[in-house]
Amino acid sequence: LVEQAGPIAFLLTDVVGSGYTDDVIAQRGMLDHGVQFIQKPFTVQAPEDVLIGRSRGAPLQAIAAIYRRSAVVFLAMAGSHITRPQDFPGKSVASGGEGGAVKDFEFQLHALVRKLGLDLFKIRVVPYDSKYTAFIKGEADVTPAFSMAGLLFLRRQGLKLDLIWPSDYGIHFYSDALVATDQTIREQSVPVTRFLRVSLKGWQDAVQDYEGAVAITLEYARLKDPQLQTAIMEGLLPLVHTGEDHVGWMRADAWQGMYDIVYGQKILSAPLEVNRAYTIRFLEDVYGGGTK
Amino acid sequence: VKLAPKLTLLFLMIAITPLVIVGVGNYENSKRTIVRQTINHLISTSILKEAVLNRWIEDGKKDLQLLADRPYFKDSFAGIVQAHDSTDRRHLSAHQEIVEDRLAPLVKAGVFREIFILRPGDGQVLISTDSSQESKYQESQPYFVEGKKDTYIQNVTYSQSLEQTVMTIATPVRDRQGKLLSVLCGRLDLGELTKIMEQGRGHNQTEDTYLVNKFNFFVTEPRFGKNFALKKTVHTEGVNAALRGIDGTGFYLDYRGVPVIGAYRWLPKRELCLITEMDQSEALAPIVRMGWMVVGTALAIAIAAAGMAFLSARTVTRPVKRLVEGTKEIGRGNLDHQVGTSAGDEIGELSRAFDRMTLDLKTTTVSRDELGREKNILGFSHKQPPRGVLPFQQAGPFHPLEQEFRAGHGVFG
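Chains as they are written, first to last, in the numbering used here: chain A, 900 to 1191; chain B, 846 to 1258.
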């Protein structure tokens, strides 16, 4: 795939994949002769961060949605009679604390509360525990988790769970989006298309042959457990390929919905034109102009 | 090369050549017939499956429309929706009645796995046969957006909350003035869809019918795969052609990499490819069997023909060989040796002619021998003139025995 995309993809995969700074790249001699360095032209960000950043003046635009559905799910023990967000008041929900994942959980909980008209003060928010100890011990009634991580971990413990998906209650978010700067989009449109094409091709290949993708993942994964990695991949792929649109595709109504939620939570510094936070022109180039 | 192998080979060729020609012709003809029959079978199966699929969906659609048109929904449902209060016992009773008496029978009928009613304003699930789905919001689902306007069928997608593939039909519920009261939705049981695809395989071990969506993903489980639906893609020649909108048949490798005969159809309304395939090894098994039968028969006939040819050749070569040996014996001076047979064929005649010739020769030889003996008796030197000639110059006084001989034989000198 890198060969298909040319030198820029070689550079970008290192940049995006590793998060190396410019100096590290230069020191390590990652720049081949004749390859012009482009300063971190892509990032992977949550769509709400793109909206928030855009509202603060950051020149960012999403060019594709990798996870077309949010992986965030709220979990309760089966039989606890907590089967919907309306059951949260009076219960403890482990979505407090710091960190990227916690921010996602908190954001979705607040969106749910707002959407369903619940009283946040009646929900006892306790710190999120990535090992789910409190939840397993029954000290926390509800815990948020990512479907291909925490949910998988708890199911592998043999726990019977009730799943509460924010998307079932009108909270529709793309998860990771590929993001580029306005300048890159304006000045590097051909390499951007090339990069996006191979990036999506990689995902398509993973979707089409997830066992092969697992084999590749195992070469780099910290946890070299084929069963676990297969389960992760199986949990992840429905978020990438939903059966509705092409891999990576973005819909205007989805972005508008995300904007409405974010704006409703008064997180944005200022209102913005939502269609400036994303562009589907590269997706159209990749997929030949088709919407699906 | 001797005559026997030549004749054997000749007879063998004569016996085998027409057999091979007829066998190969028959094989090719039968192969064409069986391939044509298989293709026709696959095409009719796929047409049948498409019809069953459409009927299944249409039945579901009609059931929902009929339900939405019932006076109960047209006349009473507006009040129930307005009085939606989960703490009100009357409401709970009405809710239970709708689920048990109105919706559940359709689920029990087997077409739907869930029927639910959406509030038109925000897409909230007001009532569902699956109570765990109630109070969820479906406002962004195409079946809700389109189902408010008219009956709408949303093709197969993956439901995150149900953790499985779903296909949903939605139809508006309106009062007698045409005002939208709710959207009635039914999730088709895709397990049933897989069963439809599985029906009618008969005794075929490899015949398989499955559906593939426009992104090359399996929608129903193929015969030789498990958990393939919306998890595995398929890029066979048949699927790729169907995705280009082409209906047809072909010989190609299927999703397992096995050579198959396939019939493929594009179902534009469903945005699905309908693929019906059968392994070439099974479809062509009668031909292969026939091929082996032809080869076996040819081989058996060849062996029999070779044997018969050999025997036939021997009927020619044996008398000839006996003749040859006879001539050798006669050549060695045994004129008593007889080679004649009673056979009425030309070789028999030849052998008898040989015997006659030998007899004649023997007669001549006996005369000569007698003459020679006589000469010996008469004391002729070996330098005497040739036998049977008494030179006059040798006339003279005769031995008494000679005289007697001469008298006996009328020889006078």
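The beta carbon of each residue, even a glycine, is placed where N, CA and C say it ideally should be.
Whether residue i touches residue j by CB criterion (8 Å)
i	j	result
D1020(B)	V956(B)	no
P958(A)	D1081(A)	yes
A1158(B)	L852(B)	yes
F1063(B)	K1040(B)	no
A1176(A)	W1148(A)	no
G966(B)	F989(B)	no
L1025(B)	K993(B)	yes
A1087(B)	Y1109(B)	yes
A1039(A)	S1074(A)	no
L1058(A)	I965(A)	no
A963(A)	L1182(A)	yes
L1033(B)	A1015(B)	no
M1132(A)	A1114(A)	no
K894(B)	T1121(B)	yes
L950(A)	Y1158(A)	yes
L951(B)	D908(B)	yes
S954(A)	L1127(A)	no
F1045(A)	A1151(A)	no
L1051(A)	L1060(A)	no
F856(B)	A1154(B)	yes
P1043(A)	F987(A)	no
V1211(B)	I1192(B)	no
Y997(B)	E991(B)	yes
Q999(B)	T1013(B)	yes
L887(B)	I1091(B)	no
G989(A)	V1024(A)	no
H1182(B)	E1174(B)	yes
Near the ligand SAH: residue i beta-carbon under 7 Å from a heavy atom
i	result
E979(B)	Only the bare structure without any ligand can be found here, which leaves the ligand SAH out of the picture.
Pairwise C-alpha distance: residue j and residue i
i	j	result
L1017(A)	R964(B)	19 Å
S891(B)	L1117(B)	13 Å
P1170(A)	Y1162(A)	7 Å
Q1087(A)	R1093(A)	10 Å
Y1100(B)	D1124(B)	11 Å
P1026(A)	A993(A)	5 Å
A1035(B)	N885(B)	Here residue 1035(B) is Leu; the residue named in the question, Ala, does not match the sequence. Cα to Cα, L1035(B) sits roughly 27 Å from N885(B).
A1033(A)	L974(A)	13 Å
A1000(A)	Q1050(B)	51 Å
A1120(A)	V897(B)	47 Å
R1046(B)	G1069(A)	43 Å
Q1007(A)	P1065(A)	7 Å
S875(B)	L912(B)	54 Å
V826(B)	I960(B)	Beyond the ends of chain B as shown, which are 846 and 1258, falls residue 826(B); an answer cannot be given.
R1134(B)	D1053(B)	23 Å
I1148(B)	T1162(B)	20 Å
G1129(B)	F1096(B)	One detail in the question is off: residue 1129(B) reads as Leu in this sequence, not Gly. For L1129(B) and F1096(B), the distance between alpha carbons rounds to 12 Å.
R983(A)	L971(B)	14 Å
D1184(A)	H1145(A)	13 Å
G956(A)	L1019(A)	31 Å
T920(A)	G952(A)	The predicted position of T920(A) is uncertain, since its pLDDT is 36 and thus under 50; a value taken from the coordinates is nonetheless stated next. Approximately 21 Å, taken between the alpha carbons.
D1200(B)	G1189(B)	15 Å
V867(B)	K1207(B)	58 Å
Selected residue, minimal CA-CA separation from residue i, among the options
i	options	result
H1071(A)	Q999(B), Q986(B), A1015(B) and I998(B)	Q986(B)
A1074(B)	V1011(B), V897(B) and I866(B)	V1011(B)
I879(B)	G1136(B), T1162(B) and V1165(B)	G1136(B)
T1178(A)	L1095(A), A1105(A), L1117(A) and Q1164(A)	L1095(A)
V1001(B)	A1198(B), L1038(B) and S1126(B)	L1038(B)
N1085(B)	N1072(B), T1065(B) and V1057(B)	V1057(B)
R967(A)	G1142(A), V1041(A) and F987(A)	G1142(A)
M1047(A)	Y1186(A), L1138(A) and K1036(A)	L1138(A)
A1105(A)	K1123(A), P1125(A) and L1135(A)	L1135(A)
K906(B)	L1112(B), S1004(B), T862(B) and P1017(B)	P1017(B)
V1140(B)	A849(B), D920(B) and N871(B)	N871(B)
G1185(B)	G1178(B), M1202(B) and G1176(B)	M1202(B)
Secondary structure, beta strand (DSSP E): runs of 3+ residues fully inside the segment 992-1060 of chain A
1023-1026 and 1041-1045
Looking at chain A, which residues of the segment 1054-1077 of chain B have a Cβ within less than 9 Å of any of its Cβ atoms?
N1058, K1059, F1060, N1061, F1062, V1064, N1072, L1075, K1076 and K1077
Scan the segment 957-968 of chain A for residues whose Cβ lies nearer than 7 Å to a Cβ of chain B and list them as they occur along the chain.
R968
Could you tell me which whole beta strand (DSSP E) segments of length 3 or greater appear in the segment 1021-1096 of chain B?
1025-1033 and 1053-1058
Return the residues of the segment 963-997 of chain B that lie within a Cβ-Cβ distance of less than 7 Å from chain A, sorted by chain order.
S977, S980, K981, Y982, E984 and S985
By the 9 Å beta-carbon criterion, what residues does the segment 1128-1142 of chain A contribute toward chain B?
E1133, L1136, P1137, L1138, H1140, T1141 and G1142
Anything in the segment 1109-1125 of chain B with a Cβ closer than 7 Å to a Cβ of chain A? List those residues in chain order, please.
none
Closer than 9 Å, Cβ to any Cβ of chain B: which residues of the segment 1083-1114 of chain A, in chain order?
Q1103, V1106, Q1107, D1108 and Y1109
What are the start and end residues of each continuous alpha helix (DSSP H) run of 4 or more residues lying completely inside the segment 876-932 of chain B, in chain order?
922-927
The segment 968-983 of chain A: positions lying closer than 8 Å to chain B by Cβ:
R968, T982 and R983
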